[in-house]
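Asker:
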Amino acid sequence: MDYKDGEYLQNNPTLHEEDASWKAYQVLSILGKHELAPTTICEVGCGSGAVLENIAKSLDNVELYGYDIANYRKYWGKRNVNINFFQKDITKYDCHYDLLLVLDVVEHVEDYMGFLRCIKDKGALHIFNFPLEIFAFKALFPRKYLESRKKYGHIHYFNRMTAMATLMDCGYEIIDYTLAPAAIDLAQVTTSISRSSRMMTLPRKLLSIVSKEFTADVLGGYSLFVLAR
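Numbering (the numbering used here), first residue to last: 36 to 264.
1. Looking at residue 125: is its Cβ nearer than 8 Å to the Cβ of residue 262?
2. Determine the burial state of residue 224: buried for a count of at least 16 other Cβ atoms within 10 Å of its Cβ, exposed for fewer.
3. Please report the distance separating the alpha-carbon of residue 49 from that of residue 107.
4. Just to confirm the assignment, what range does the beta strand (DSSP E) spanning residue 133 have?
5. Give me, in chain order, the residues of the same chain whose beta-carbon lies closer than 7 Å to that of residue 57; leave out the 5 immediate sequence neighbours on both sides.
6. Measuring CB atoms only, is the segment 176-187 touching the segment 147-165, in the sense that at least three cross pairs come out at less than 8 Å?
7. Taking Cβ to Cβ, would you say residue 73 is nearer than 8 Å to residue 139?
8. Can you name the start and end residues of the beta strand (DSSP E) that residue 258 belongs to?
9. Give a yes or no on whether the C-beta atoms belonging to residue 195 and residue 259 are separated by under 8 Å.
10. What residue range is occupied by the uninterrupted alpha helix (DSSP H) comprising residue 89?
11. On the CB-based measure, 16 or more other CB atoms within 10 Å of its CB, does residue 142 come out buried or exposed?
12. State the DSSP-derived secondary structure class of residue 181, mapped to helix, strand or coil.
13. Count Cβ pairs between the segment 238-247 and the segment 197-212 that sit closer than 8 Å; are there 3 or more?
14. Please report how far the alpha carbon of residue 103 lies from the alpha carbon of residue 44, in whole angstroms.
15. With 16 other CB atoms within 10 Å as the buried threshold, where does residue 151 fall?
16. Unbroken alpha helix (DSSP H) runs of length 4 or more, entirely within the segment 90-116: which are they?
17. Which of the three DSSP states is assigned to residue 255 in this structure?
18. Do residue 214 and residue 168 have their C-beta atoms within less than 8 Å of each other?
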């Protein structure tokens, strides 16, 4: 998928803005848990900038930056807070921030391990978000992977173990991680959850009482947020 020619925007006209407050909440929860107060935060693949806008509403004395290779300037101009946006490939620039956000990005990048190694030194800390698309139930419907590839541009797929192993293979130290029930929390608001996935909401809720990890591995619907350095 070419992100510069408008194909992604055509397939996803909201740019998943309806998910932004939820993603921002996950990031802020990690910062609060570890008592982190970064003064510069940069989001790689920032899309419309809505996640950064939501973060800005909860943090004081922080400079916010967003990079995206696509031209989303008309969205950036709508943000009600001061965010520095760049239509650039961050891997080609010498920059450094206290915290780098990489949310739902890695699965889109052709050379994802090269990308991860390249951005490692651009942040003192990193928060990654991986959609966990490898789980037992989905193996019964392999065409779902092709649908994800065509509509969302996901060309790599992860479970919680392979995602963290990838980060460690690229030189990152895992500080903490959390499994966030994206398909449960966002079932009624997001455009990126299919009807069949919504039907799994109740089974996921019930099984997650026993184990989030087991639910993610068997029924899916979870995202992995990782704090790393």
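Even for Gly, the Cβ is constructed at its ideal location relative to N, Cα and C.
Answerer: According to the structure data:
1. Result no, Cβ atoms of residue 125 and residue 262 do not sit closer than 8 Å.
2. Burial state of residue 224 is exposed, judged by a 10 Å Cβ sphere holding fewer than 16 other Cβ atoms.
3. Each residue's alpha carbon lies about 12 Å from the other.
4. Note, residue 133: beta strand (DSSP E), 132-138.
5. If we look at residue 57 and ignore the five residues flanking it on each side, its Cβ neighbours are 220 and 221.
6. With the rule of 3 Cβ pairs closer than 8 Å, the segment 176-187 does not count as touching the segment 147-165.
7. Against a cut-off of 8 Å, the Cβ pair of residue 139 and residue 73 comes out as no contact.
8. For residue 258, the enclosing beta strand (DSSP E) stretches over residues 258-263.
9. The Cβ atoms of residue 195 and residue 259 lie closer than 8 Å to each other.
10. Under the DSSP assignment, residue 89 falls in the alpha helix (DSSP H) whose first and last residues are 85-91.
11. Flag for residue 142 reads buried.
12. Shown here, residue 181 sits in a helix according to DSSP, grouped into three states.
13. No, the segment 238-247 does not touch the segment 197-212.
14. Between residue 103 and residue 44, the C-alpha separation is close to 13 Å.
15. Flag for residue 151 reads buried.
16. The segment 90-116 contains these whole alpha helix (DSSP H) runs: 108-111.
17. When secondary structure is reduced to three states using DSSP, residue 255 falls in the coil class, being assigned neither helix nor strand.
18. No. Outside cutoff.
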